[in-house]
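Notes to accompany the following structure.
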């Protein structure tokens, strides 16, 4: 008997300024994980040339491959 396995990987970009969402995601895989930087001050800067803002013009992020109907 031959079994066919279909692996599906997705790339996701997560912008988590406070670090709360990424900490929750890591804790799903390692319950003992402690984020030592949650209480530290964050950089508070308004960037004129952000990656998200200029993605349309410079194509920093792109989707490769074909979509599989689910």
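Numbering (my numbering), first residue to last: 134 to 203. Even for Gly, the Cβ is constructed at its ideal location relative to N, Cα and C. All figures in this text were calculated on a predicted structure; none of them were measured in a lab.
Could you give the distance in angstroms between the alpha-carbon of residue 176 and the alpha-carbon of residue 186?
18 Å
Residue from 192, 168, 174 with nearest C-alpha to residue 154:
168
Rounded to whole angstroms, how far is the Cβ of residue 166 from the Cβ of residue 159, which I believe are closer than 8 Å?
5 Å
Could you pull out every residue in the same chain whose Cβ sits closer than 6 Å to the Cβ of residue 145, ignoring the five residues on either side in sequence?
none
Just how far apart, CA to CA, sit residue 182 and residue 193?
13 Å
What residues in its chain sit with their C-beta under 6 Å from that of residue 151, if we drop five residues either side in the sequence?
none
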